[in-house]
Structures are given as C-alpha cells and as structure tokens.
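For the sequence shown, the UniProt record's numbering gives the first residue as 1, with consecutive numbering after it. Each residue gets a CB set at the ideal place from its N, CA and C atoms; glycine is no exception. Take a look at the structure below.
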Amino acid sequence: MKELQHLNKYFLKYKKHLLVGIVITIIARIFLLFTPRYIKEIFAVIEKRMAGTISEDAFHSELAHAILIIIGAAIIAGIFTFLMRQTIINVSRYIEYDLKNEIYGQYQKLSLNFYKKNRTGDLMNRISEDVGRVRMYAGPAIMYSINTVTLFVIALIYMFNEAPTLTLYTIIPLPILSVAIYKLSKEIHKRSTIVQQYLSKLSTFTQETFSGISVIKAYGIEPQTASNFNRLADESKQTQLSLVRVQAFFFPMMVLLIGASNLLVIYVGGKQYINGEIESLGTIAEFIIYVNMLTWPVATVGWVTSIVQQAEASQRRINEFLKLEPEIKNTVDTHTAIYGNITFKNVSFTYDDTNIQALHDVSFHINQGETLAILGKTGSGKSTILDLIGRLYDINEGTILIDDTKIDQHNLSDLRNSVGYVPQEAFLFSDSIKSNIKFGKENATDEDVIEAAKNAQVHKNIIKFNKKYDTILGERGITLSGGQKQRISIARAIIKSPEILLFDDCLSAVDTETEEKILKNLMKITEGKTTIIVSHRVSSAKNADKIIVLEDGKLIQEGTHETLISKDGYYKHLYMKQLSENTEGNS
Numbered sequence: 001m002k003e004l005q006h007l008n009k010y011f012l013k014y015k016k017h018l019l020v021g022i023v024i025t026i027i028a029r030i031f032l033l034f035t036p037r038y039i040k041e042i043f044a045v046i047e048k049r050m051a052g053t054i055s056e057d058a059f060h061s062e063l064a065h066a067i068l069i070i071i072g073a074a075i076i077a078g079i080f081t082f083l084m085r086q087t088i089i090n091v092s093r094y095i096e097y098d099l100k101n102e103i104y105g106q107y108q109k110l111s112l113n114f115y116k117k118n119r120t121g122d123l124m125n126r127i128s129e130d131v132g133r134v135r136m137y138a139g140p141a142i143m144y145s146i147n148t149v150t151l152f153v154i155a156l157i158y159m160f161n162e163a164p165t166l167t168l169y170t171i172i173p174l175p176i177l178s179v180a181i182y183k184l185s186k187e188i189h190k191r192s193t194i195v196q197q198y199l200s201k202l203s204t205f206t207q208e209t210f211s212g213i214s215v216i217k218a219y220g221i222e223p224q225t226a227s228n229f230n231r232l233a234d235e236s237k238q239t240q241l242s243l244v245r246v247q248a249f250f251f252p253m254m255v256l257l258i259g260a261s262n263l264l265v266i267y268v269g270g271k272q273y274i275n276g277e278i279e280s281l282g283t284i285a286e287f288i289i290y291v292n293m294l295t296w297p298v299a300t301v302g303w304v305t306s307i308v309q310q311a312e313a314s315q316r317r318i319n320e321f322l323k324l325e326p327e328i329k330n331t332v333d334t335h336t337a338i339y340g341n342i343t344f345k346n347v348s349f350t351y352d353d354t355n356i357q358a359l360h361d362v363s364f365h366i367n368q369g370e371t372l373a374i375l376g377k378t379g380s381g382k383s384t385i386l387d388l389i390g391r392l393y394d395i396n397e398g399t400i401l402i403d404d405t406k407i408d409q410h411n412l413s414d415l416r417n418s419v420g421y422v423p424q425e426a427f428l429f430s431d432s433i434k435s436n437i438k439f440g441k442e443n444a445t446d447e448d449v450i451e452a453a454k455n456a457q458v459h460k461n462i463i464k465f466n467k468k469y470d471t472i473l474g475e476r477g478i479t480l481s482g483g484q485k486q487r488i489s490i491a492r493a494i495i496k497s498p499e500i501l502l503f504d505d506c507l508s509a510v511d512t513e514t515e516e517k518i519l520k521n522l523m524k525i526t527e528g529k530t531t532i533i534v535s536h537r538v539s540s541a542k543n544a545d546k547i548i549v550l551e552d553g554k555l556i557q558e559g560t561h562e563t564l565i566s567k568d569g570y571y572k573h574l575y576m577k578q579l580s581e582n583t584e585g586n587s
C-alpha cells in the first residue's frame, strides 16, 4: 500500500464527497438489514398463529405489516445504494482526471533525454491502462470495502444481540478466509506487475508498427511483423492466464466458506432450538439470511484485494516517472524581454544516452537581427546548437548568453516563447492544416495563416486540396509530401513572429527554385530578428551575415560567404562542388 499513498492528497481533496458516501453507505446497510429482522418476525407470527395465540385478523395484519416494512426498507436501501455509487464512484473519476493531468504535466516537464530512454507505447500505457487500474482502487475497491465493513459491523451487532453462541460458530470460517486472502494477494501482486509490463510492450510494439506502416509495407515484412506481434501477444496472454488462475481461487473459496457457515447455522442453530436455547426457528432463518447477505461482501474481499494489488503495481509504475526530477528547470520567476543577442563561449556538450560529444569548445556571437548559417557534415553538431539555444538540453561546459545573461537565468517560458523552431524532421499533428500553422500562434487570423503559408511557398499547394486549409492531415502529416510538411512547419514558425528563428535543415526536401523563393521571403520576414539556418546547401547560407562550419563538434571555419570562398577549406570545397552540380544539372 506504500505506493498508493500518493493518492492520499486526492482523497483529502474529495474528503467531503467520501464522507457523504460513507454516511449514505451506513444508512443503506441499516435499511438492508431490516429484511432478516422482519423475516424473524414473520416466523414468530406464523408460530403464534399455529399455536392459536392470535386471531386470524391479527395474523394477517401483523404479516402484512412485516411484509410492507421489508418492501419499504428494500426500496429505501436501493435508493441509498444508488446514491452511494454516484457519490463514491464519481470521486474515482475525479481522481482519474486529476492523476492523468498530473502525469501529463510531468511528461511535459521532462527533458528530451527522458523521451530518448522511454518508448511512446509505455508512456501511453501508464497514463491510460495503469491509471485505469488505479481508478478501480479509488472507486469500486473503496466503495465495496466501506460497504463490506459497514455491513459486517452492523450485522454482527444484530447477530450477537440475538444469539451470541450461534454468531461465534457462524464466523469461524473468517480467519481461514483472511489467511487465504493474504497468501493469494502476494502472488496476485507479483503477477499483476508482469501483466502490466507486457501490456506496455504490446502498446509500444503496435504504436511503432502503425507509425512505421509505410516502411513495413515497402519492405514487404508484414508476415514477420505479424509473427512478432503474435509471439508478444501470446506471451502477454500467458501472463494474463497466470494471473487469472490465481484469481480463480477466490470465488470458489468464498462459496465453500459461506456454505460452511450456512451448515453451521443450521446444525448449531437446530441443536440450540431443540435444547430451548433459542426461542424461534425465525432466529435460524434470520441467521441464514445474514450469512447469505454477507456472501457478496465476503466474496468482494478477494476481488477488492486483487484490485488493490493490481492498483499498487500500476501506481508503482506511475510513481517511477512522477518521482523523476526534470533535468531542465525553470529557476527564474520574473519575466524579462528577450531581444536575440546570442553568445557561445567555449561550449562543450555530451549526450547522456549515447555518451557522444556533440560539441567541443565552440564559441561564436550573433547580434540581434543578424542571420547566422551553420554548415557541416552529418553529425557535426549543427542541430545540437539549436537545441541548446532553445534550452532543450543544458550544457556540460562553457557558457551560453542570451542578451548578455546566462541562458539558465532567463525564465524558461519567456525563452521558448521568443523562439520559432523548424526541426529537421517536420512534425505535424493529426489536425487541419490551418490548426497546424496556428500552432505557432493560437490567436492568429485566417489572413495571418494565409500570409504565413504564402511566405513559406505552400499556399498554392494547400488551395488545391478539396478542403483547402481545413484539410485534415494523417498522423504526423503522412498525407503530405516531405517538402509540403517542411514548408507548413516553416509557416508555423514564422506566423509566431518570434525574436529568434531557428531553421534546422528545413529546406532539404524542396527543389532549388522553391528554396530560392522561400529564402527571399525569409529575408524580409527575418529583418530585425535573430535567425540561425542550419543547412547542407551553400545556397541557403550565402546571404547570411555570418557563417560557421562545424566538423566533429568543433568550429573549423567562421566568416562571411565572400571571406570563406576566398580561403581553401571545407566551405570553399562544398561551394565549388555544389556549383558544379548545379551547372551540370542546368546543362
């Protein structure tokens, strides 16, 4: 139960609802227990009539009175039981809502390193399947526990007042039940943890399969994928069956023990009636009803125990992530304007997950409103610089200054709101084209959206779709070409009109003519804004105020286009090579 203590704050939050639910439960159980008491009264009336101590009219009157009380009490108990479910089960839904929001909020805070180390399917399973199991604990498990305890306490008080010796014989099976539940619960807890792990594996596998379905079809490996899924599903099935086999012991064991209690009531009660220790056969009937009324609550003890064990296993998995401290922390509460002066001083950075040093002793400066182009081979550290400016990672060594202030001394929200970022791999959401562009500026007008699309040279493509800007994109924008996705990503960044614009090789999927038009538009849009363009093409970099060249994480060249082509080195060789390729392509 230690892991489930995390939910205590939510129970305190909804304590009024729970207290009302407990009161309603007690009232419902009290009215439910009218039935056995008045069944005894009916037996007593019948015995009096058989003995001739009451008249026919009195017999019918007392009999009708008892029956009406039983019916009335049953109706009232039913109404309060309904209210009990509405009160307590609603609390579990509130807690489910709060817990999902807490997990989602934590996911938002965690750094990119976290997402590199954990699979999407597992993250989804914890916020859906695991939270669902925890909800069962916060709702049905608590409701039935309160119900069981209340019914047991009230019923046992009535039973002891009526026949103490018979009551003691009736509850003999309960200690046996407690020991059996304890033993089975430990095994259920262990097997529940394994079941949840396999559910995460299944979620991860299916999520990756559907995301990469085009690659699977292109390589024709559907049979192998299906075979791998079947193997994983079969392993998951076996773990589920293993859990079910243990859980299957509960109900038969309950029936056996309740049956034993009934036999004890009939045998011991019968002997006591014969010996004159109890006055009426109605007492035996009353006790049999009590025992059978306790059948379902006793049976739920096992079910509730199973729910609690599964919930604890799930909450442990949830807590693993909730207890993680975000690597990137916002240490500043005050808000300041960001203008876009950027300085790197001897910056070095190594990725934790791969231990690869992406940057080594890199230094450069960009004034507000200037454009910097970064070139270099794949893996030279170009994208890393953009990630560090957006503070998606914190550096290992050196200093990054934004407007002469250390980057971690800026309010994180202010910093990221001042940045427009176009990633190397364009990511679009399963929404309309308009919504994807407005993602950069939620309050943008339709005119703003169209203007941004025109500047990104994608407006003409969009208006050819049947629903134009209201066209719904497939997952990750799969319905668009690579170039269209990149240009919509550019529109999303420039509509925001941020102080700092970061373009990470975002023109690689467009032709040179379209690239030239986009760059021409960007020159107007980025005027007065600090802009960094990462590219493999000299054509994207030549008009920049400053160009740097990286190799293996080190800065090997720096200058303008004119100064760099006048020196022998990587930039000049790349320029001559691409110039030659363009000449050959045009001939």
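Per DSSP, isoleucine 88 is one residue of the alpha helix (DSSP H) stretching across 56–109. The beta carbons of methionine 136 and isoleucine 284 sit no closer together than 8 angstroms. Taking all protein chains shown into account, lysine 438 has 16 or more neighbouring C-beta atoms within 10 Å of its C-beta and is therefore buried.
In the structure shown, serine 481 falls within a coil segment according to DSSP collapsed to helix, strand and coil. Less than 8 angstroms divides the Cβ of glycine 121 from the Cβ of serine 203. Note on geometry: alpha-carbon atoms of lysine 554 and glutamine 357 lie some 10 angstroms from one another.
Residue burial is scored here from C-beta neighbours: glutamate 442 has fewer than 16 other C-beta atoms within 10 angstroms and is therefore classed as exposed.
For asparagine 292, the three-state secondary structure derived from DSSP is helix.
CA-to-CA, the gap between valine 549 and threonine 514 works out to about 25 angstroms. Contact between isoleucine 547 and leucine 375 holds: CB atoms are separated by about 7 angstroms, below the 8 angstroms threshold. If you draw a straight line from the Cα of serine 55 to the Cα of glycine 270, it comes to about 28 angstroms. Between leucine 257 and isoleucine 176, the beta carbon gap of about 7 angstroms places them in contact (Cβ cut-off 8 angstroms). Going by DSSP, asparagine 113 is part of no beta strand (DSSP E) but of the alpha helix (DSSP H) stretching over 112–117. Annotation for phenylalanine 160: Thr167 place their beta carbon closer than 8 angstroms to its own, counting only its chain and skipping 5 residues before and after.
Non-local C-beta neighbours of isoleucine 142 in its own chain, meaning closer than 7 angstroms and more than five positions away in sequence, comprise Ile88, ordered along the chain.
In the DSSP assignment, the residues bridged to histidine 365 are Thr343.
At a Cβ-Cβ threshold of 8 angstroms, phenylalanine 43 and glycine 276 do not count as neighbours.
Runs of the beta strand (DSSP E) lying entirely within the stretch 141–217, each at least 3 residues long, are absent.
The continuous alpha helix (DSSP H) containing leucine 386 extends over residues 382–389. Around the beta-carbon of glutamate 41, 16 or more other beta-carbon atoms lie within 10 Å, marking it buried. Less than 8 angstroms divides the Cβ of histidine 365 from the Cβ of threonine 343. For valine 179, the closest alpha carbon among the candidates Thr150, Val301, Leu156, Phe287 is that of Val301. Contact annotation, alanine 313 with glutamine 196: C-beta distance approximately 6 angstroms; criterion of less than 8 angstroms satisfied. Counting the other CB atoms within 10 Å of its CB gives arginine 93 a total below 16, which places it among the exposed residues.
Taken in chain order, the unbroken stretches of alpha helix (DSSP H) that lie wholly in the stretch 423–501 and span 4 residues or more are 433–438, 446–455, 459–462, 482–494. With a 10 Å radius around the Cβ and a threshold of 16 neighbouring Cβ atoms, arginine 245 comes out exposed. Under the three-state reduction of DSSP output, histidine 6 falls in the helix class.
The DSSP assignment places 250–274, 281–293, 295–322 as complete runs of the alpha helix (DSSP H) inside the stretch 243–328, in order along the chain (cut-off: 4 residues). Our two residues, isoleucine 71 and glutamate 286, have alpha carbons roughly 16 angstroms apart in a direct line. In this structure, serine 540 places its C-beta atom within 8 angstroms of the C-beta atom of leucine 507.
DSSP, reduced to helix, strand and coil, places glycine 376 within a strand of the structure shown. C-alpha of glycine 569 to C-alpha of glutamine 557: approximately 8 angstroms in a straight line. In the three-state DSSP reduction, histidine 360 falls in the strand class (E or B).
Less than 8 angstroms divides the Cβ of isoleucine 525 from the Cβ of asparagine 455. Histidine 410 is positioned such that its CB atom lies no closer than 8 angstroms to that of threonine 531. Closest in C-alpha terms to aspartate 504, from the list Glu397, Gly390, Lys517, Asp448, comes Gly390.
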